[in-house]
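Peer 1:
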Amino acid sequence: MKIATFHPDSDGLISISEYNANKPHIDAMKYANSILKKVGNSLWEAFKWSGSAINYRKMTTNANNGISYFANIGFNQRNGNCYTMAATFYYMARSLGYDVYQISGYNQGYSRSWPHSWCEIHNNGNIYVYDPNIYQEDRSVIFGMKYGQKGSLKYAVSRNVYMHL
Numbered sequence: 024m025k026i027a028t029f030h031p032d033s034d035g036l037i038s039i040s041e042y043n044a045n046k047p048h049i050d051a052m053k054y055a056n057s058i059l060k061k062v063g064n065s066l067w068e069a070f071k072w073s074g075s076a077i078n079y080r081k082m083t084t085n086a087n088n089g090i091s092y093f094a095n096i097g098f099n100q101r102n103g104n105c106y107t108m109a110a111t112f113y114y115m116a117r118s119l120g121y122d123v124y125q126i127s128g129y130n131q132g133y134s135r136s137w138p139h140s141w142c143e144i145h146n147n148g149n150i151y152v153y154d155p156n157i158y159q160e161d162r163s164v165i166f167g168m169k170y171g172q173k174g175s176l177k178y179a180v181s182r183n184v185y186m187h188l
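One gets the numbering used here by counting positions in the sequence shown from 1 and adding 23 to each.
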């Protein structure tokens with residue numbers, strides 16, 4: 024998946040409307056690259072940043088807002104929810120070249136489930152889970168785990184939705 028696609032005219036120029044439509048993606052990628060330069064160009068450092076630099080606050084869990092919406096809140100305001108933390112991680116992982124996807128789904132607790140967001144990285148036919156919000160809560164690490172692996176959350180996988188940019 025590309026972050027932004029442009030259709031330049033014969034002079035190599037793009038329209039302002041096309042630029043504005045892609046600006047949220049461009050901004051999020053700029054922030055991701057800037058943070059990676061500061062913390063180190065590694066997936067682990069990106070994960071730690073997303074799970075520690077963003078202070079938790081209640082906000083929308085409407086996945087239709089898109090990944091760039093949540094990422095730009097996280098990068099600019101340094102606060103947000105699990106969607107925000109996953110989105111900032113998404114952009115940094117994408118910047119590092121990973122085949123990453125942000126998930127809007129549910130975490131199954133003892134008596135109920137609640138909306139939650141995390142990332143998957145697909146590699147060599149396997150799916151690995153990265154959940155920076157859990158790191159933020161209590162420094163638990165769900166980094167490169169498989170669904171159902173001991174130590175991970177009980178994700179309601181059948182209800183997962185891949186988010187759009």
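Even glycine gets a Cβ: it sits at the ideal position worked out from N, Cα and C.
Can you tell me which of the three DSSP states N147 falls into?
Peer 2: Within the sequence shown, the letter at position 124 stands for residue 147. It is coil, neither helix nor strand.
Peer 1: Name the two residues that bound the continuous alpha helix (DSSP H) containing M186.
Peer 2: Translated into positions along the sequence shown, residue 186 becomes position 163. Element bounds for M186: n/a, residue is neither H nor E.
Peer 1: Mapping DSSP to helix, strand and coil, what is Q125?
Peer 2: Mapped onto the sequence shown, residue 125 falls at position 102. Residue state, collapsed to three classes: strand.
Peer 1: Which residues mark the beginning and the end of the alpha helix (DSSP H) in which M108 is found?
Peer 2: Counting from one through the sequence shown, the residue named residue 108 turns up at place 85. From DSSP, the alpha helix (DSSP H) with M108 extends over C105 to S118.
Peer 1: Beta carbon of L119, beta carbon of N64: below 8 angstroms?
Peer 2: Here the question's residue 119 lines up with position 96 in the sequence shown. Here the question's residue 64 lines up with position 41 in the sequence shown. Yes, the pair counts as a contact, with Cβ atoms nearer than the cut-off.
Peer 1: I need the DSSP call for M52, collapsed to helix, strand or coil.
Peer 2: Within the sequence shown, the letter at position 29 stands for residue 52. DSSP places M52 in helix when its eight states are reduced to three.
Peer 1: Do H126 and S140 have their C-beta atoms closer together than 8 angstroms?
Peer 2: Start at 1 with the first residue of the sequence shown, and residue 126 comes out as number 103. Start at 1 with the first residue of the sequence shown, and residue 140 comes out as number 117. First, the amino acid is wrong: residue 126 is Ile here, not His. Cβ atoms of I126 and S140: closer than 8 angstroms.
Peer 1: For Y79, name the three-state secondary structure that DSSP assigns.
Peer 2: Translated into positions along the sequence shown, residue 79 becomes position 56. Residue state, collapsed to three classes: strand.
Peer 1: Considering only their Cβ atoms, is the gap separating M186 from Y114 smaller than 8 angstroms?
Peer 2: Locating residue 114 in the sequence shown gives position 91, counting from the first residue. Locating residue 186 in the sequence shown gives position 163, counting from the first residue. Their beta carbons are not under 8 angstroms apart, which means Y114 does not touch M186 by this criterion.
Peer 1: Can you look up N99 in the DSSP assignment and give me helix, strand or coil?
Peer 2: If you number the sequence shown from 1, residue 99 lands on position 76. N99: helix per DSSP, three-state reduction.
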